[in-house]
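What follows is a short report on a single structure.
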Amino acid sequence: MYLRAAIGLVPAFSRPRGLPDTVHELRDVKTDLSRLADYNRACGFRLTNALPATYPHIMAFPLAMRLMTASDFPFPVIGLVHVANRIELVRPIDASEPLDLSVRAANLRPHDRGRQFDIVATASSGGVEVWRGVSTYLKREGKDGGRSGERTDPPAPSARWRVAPRVGTDYARVSGDHNPIHTSRIGARLFGFPRPIAHGMWSKARCLAALEGRLPETYTVDVAFKLPILMPATVAFSASPSWTFALHDARSAKPHLTGTITP
Numbered sequence: 001m002y003l004r005a006a007i008g009l010v011p012a013f014s015r016p017r018g019l020p021d022t023v024h025e026l027r028d029v030k031t032d033l034s035r036l037a038d039y040n041r042a043c044g045f046r047l048t049n050a051l052p053a054t055y056p057h058i059m060a061f062p063l064a065m066r067l068m069t070a071s072d073f074p075f076p077v078i079g080l081v082h083v084a085n086r087i088e089l090v091r092p093i094d095a096s097e098p099l100d101l102s103v104r105a106a107n108l109r110p111h112d113r114g115r116q117f118d119i120v121a122t123a124s125s126g127g128v129e130v131w132r133g134v135s136t137y138l139k140r141e142g143k144d145g146g147r148s149g150e151r152t153d154p155p156a157p158s159a160r161w162r163v164a165p166r167v168g169t170d171y172a173r174v175s176g177d178h179n180p181i182h183t184s185r186i187g188a189r190l191f192g193f194p195r196p197i198a199h200g201m202w203s204k205a206r207c208l209a210a211l212e213g214r215l216p217e218t219y220t221v222d223v224a225f226k227l228p229i230l231m232p233a234t235v236a237f238s239a240s241p242s243w244t245f246a247l248h249d250a251r252s253a254k255p256h257l258t259g260t261i262t263p
């Protein structure tokens, strides 16, 4: 699929203007317990048979890639910026449950730096939706002022994490997201980054893992991805009793991620 994505960067490649109506589905998908354990270790979750709220996202990721690398998709997937993600955990999901997955594109709309759209993924069990994820992507067009990197005044951090380069390769292995901007210095430089950057969904998962044991049984978690984490890095995690949380650069206090949990 990444080969197809690279071919889509060729300027002569003709693309439609609108999003496709295609819905990609996989039924009766079973959780690989070994992969789940590796994912939990990579993101800091405890080893249990309950799926982390972020895990169905990687189960549906191959469907999302199939959708976004198809010839009828309006943008090349390489170069898209993942700017936000919302996950709704309708109820706890046990790893023994087979899931029906679906993925579609929706809500193409203008943005002050280009155009953005949503990739909507759902997981159902027994015909009932138990999980929903909405990933918002930005296609930068024209002048781009970049993401906001202004220094903020975050609360005192509750934890500091060292994000080593292997975070990119470990998460790529368990998630299937082998985008070279996360795993290769050369690949990162081709897209304007001096070093590989951590996956945004790893940073979201790592924050939820830090809150494990305090999370409600069902909840919605929204995050906005700010500045990328250039690996290696040291980041500061902070959380408030009002269910907001954030990741900042430990030295500059520039924001990497802000999030809100709604029970």
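So that you can map any letter, position 137 of the sequence shown is 137 in the UniProt record's numbering, and since no number is skipped, the others follow by simple counting.
Think of the CB as a built atom: it goes at the ideal place given N, C-alpha and C, for glycine as much as any other residue.
{"Check": "Per DSSP, which one or two residues make a beta bridge with A239?", "Outcome": "F245"}
{"Check": "Give the range of the alpha helix (DSSP H) segment to which D170 is assigned.", "Outcome": "166 to 175"}
{"Check": "At what residues does the alpha helix (DSSP H) containing G187 begin and finish?", "Outcome": "185 to 190"}
{"Check": "Taking K86 as part of the beta strand (DSSP E), name the residues at either end of that continuous run.", "Outcome": "This sequence places Arg at residue 86; Lys is not what is there. Run containing R86: 81 to 89, per the beta strand (DSSP E) assignment."}
{"Check": "In three-state DSSP terms, what is S14?", "Outcome": "coil"}
{"Check": "Could you say if the stretch 72 to 79 and the stretch 26 to 38 meet the contact criterion of at least three C-beta pairs nearer than 8 angstroms?", "Outcome": "no"}
{"Check": "Could you give the distance in angstroms between the alpha-carbon of R189 and the alpha-carbon of R251?", "Outcome": "23 angstroms"}
{"Check": "Give me the DSSP bridge partner(s) of T122.", "Outcome": "S102, R132"}
{"Check": "Let me make sure I understand the geometry here. Which of A246, P180, S125, Y137 has the alpha-carbon closest to that of P98?", "Outcome": "S125"}
{"Check": "Cβ atoms of H57 and M201: under 8 angstroms apart, would you say?", "Outcome": "yes"}
{"Check": "Check P110 in the structure and name its three-state DSSP category.", "Outcome": "strand"}
{"Check": "On the three-state DSSP scale, how would you describe F193?", "Outcome": "coil"}
{"Check": "Whole angstroms is fine: what's the gap from R214's alpha carbon to V130's?", "Outcome": "20 angstroms"}
{"Check": "Should the stretch 149 to 169 be regarded as contacting the stretch 227 to 244, the criterion being three or more beta carbon pairs within less than 8 angstroms?", "Outcome": "yes"}
{"Check": "Going by DSSP, which residues form a beta bridge with F225?", "Outcome": "L257"}
{"Check": "Using the Cα positions of M231 and R206, report the straight-line distance between them to the nearest angstrom.", "Outcome": "15 angstroms"}
{"Check": "Which stretch, first to last residue, makes up the alpha helix (DSSP H) that contains A60?", "Outcome": "55 to 68"}
{"Check": "Keeping to the same chain, check which residues put their C-beta closer than 7 angstroms to that of D170; ignore five residues upstream and five downstream.", "Outcome": "A42"}
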